[in-house]
Each structure stands twice: as C-alpha cells, then as structure tokens.
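Input: a single structure, listed below in structure tokens.
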Amino acid sequence: MSAAALPDGLFTLIKSAIRELVAACAVPGSTGPERVEQLTGYSRGSISRWQGDAYRDLPPLDVVVLLEFTTQRPVVSRWLASLSSHQLVPMADNGDTGCLVHDLVRTSGTAARVTGELSAALADGVVTPREAKAVKAAIGEHMETLTSVRRKLAGVAARGE
C-alpha cells in the first residue's frame, strides 16, 4: 500500500487502530506487545514498527484476525466498517430473541441519555466541541441498542405465525 494512495491522515488512523489492538492484547504478566509476540511469533521490533507512525509497516491480515479473535475486540474491523459509514453489532448468542423487556429498559435508558446530553449541550445556547462529542457518543450507543432490538425482532418475524 503506498502513501500516495491514501487520503491525508488515513494512515495515522490505521496506526491508531493497530496500537489500540496491540494494547488490548495485554494480560496480567504481559504487555500488549509481549502478548502479540507470544501469539504470533513476530519480533518486538516488527510489532513496534506496526504501531509507529514513522514506519509504513502494517501487520498481516491473518495477524489482525488472530488478535481480534483472541481479544474478542474487533478494533480494526470496527474502524474499517466506520470508514464506509457502517458499524459492527454483536450477534445474538444463540439466535434466541432474548428478553425484550431488558431491551425496552436499555432502549429507554439510552434514549434518556441522548435527551440529557443534548439538553445539557443546548442549555446555554452554545454547543461546544466537547458537548457535541458527548451527544454523538450517546446517540451512537442508542443506535447500537436499537440495532440490537431490531435484529431480535427480525428473528421473531422470520419465524412467522
């Protein structure tokens, strides 16, 4: 992948996602890079270059998949999905619709957080960047909750009458 083929700042964002993924690999007794070395066999120098903005090195795709599977944190996958205005949503554990009452409570809670954050941001008539980020985060959480409920209901609807 050449630097000219990427829009400004994109490579830095890739490196940021890689750093987050490597850090997520930390376990008691091992730092993230040490654990990545144990899991993949790559040297600490290679792992350091994957994380450093000064280097063009990136981990191979199979390493990213292994690390995301091991940590159960799809850091890079979530970032890639966001590039095309998509999001990753956890799948239902067993295809069961689960407890929709719990979903109702969760949806009400996230909706209340959106309302609260937006009300606080608009209280003085000026929305600051910090307030905008807080509102966006609350909206994102609410959207994830709604998407989860929608998936469960789609499973119910697919079963028919």
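In the numbering used here, the protein residues as written are 995 to 1155.
Every residue, glycine too, gets a C-beta built ideally from N, C-alpha and C.
Do the CB positions of residue i and residue j come within less than 8 Å of each other?
i     : j     : result
G1027 : R1038 : Looking at the sequence provided, one finds Pro at residue 1027 rather than Gly. Yes, the pair counts as a contact, with Cβ atoms nearer than the cut-off.
L1061 : I1008 : no
H1136 : V1108 : yes
V1129 : E1111 : yes
A1115 : A1126 : yes
W1073 : A999  : no
Does the beta-carbon of residue i have 16 or more other beta-carbons within 10 angstroms, so that it is buried, or is it exposed?
i     : result
A1048 : exposed
A1148 : exposed
Q1081 : exposed
G1089 : Per-residue confidence for G1089 stands at a pLDDT of 49, beneath the threshold of 50, marking its modelled position as unreliable; the derived number appears in the next sentence. Exposed, since its Cβ has fewer than 16 Cβ neighbours within 10 Å.
G1154 : exposed
V1120 : exposed
V1021 : exposed
V1030 : buried
Q1045 : buried
A1132 : buried
C1019 : buried
With a cut-off of 8 Å on the beta carbons, I'd call residue i and residue j a contact; round off their distance for me.
i     : j     : result
V1143 : T1101 : 6 Å
T1141 : V1083 : 5 Å
Q1032 : S1024 : 7 Å
Check whether the Cβ of residue i lies closer than 8 Å to any Cβ atom in chain B.
i     : result
G1134 : Protein chains in the displayed structure number just one, and chain B is not present.
Q) How about the stretch 1061-1068 and the stretch 1009-1018: do they share at least three Cβ pairs that are nearer than 8 Å? A) Result yes; three or more Cβ-Cβ pairs closer than 8 Å.
Q. Enumerated in chain order, which unbroken segments of the alpha helix (DSSP H) with a length of 4 residues or greater are wholly contained in the stretch 1042-1088?
A. Counting only runs of 4 or more residues that sit fully inside the stretch 1042-1088, the alpha helix (DSSP H) segments are 1055-1065 and 1069-1077, in chain order.
Q | Unbroken stretches of the alpha helix (DSSP H), 4 residues or longer, contained in the stretch 1094-1133 | A | Annotation: the stretch 1094-1133 contains the following complete segments of the alpha helix (DSSP H) (minimum length 4 residues), in chain order: 1094-1116.
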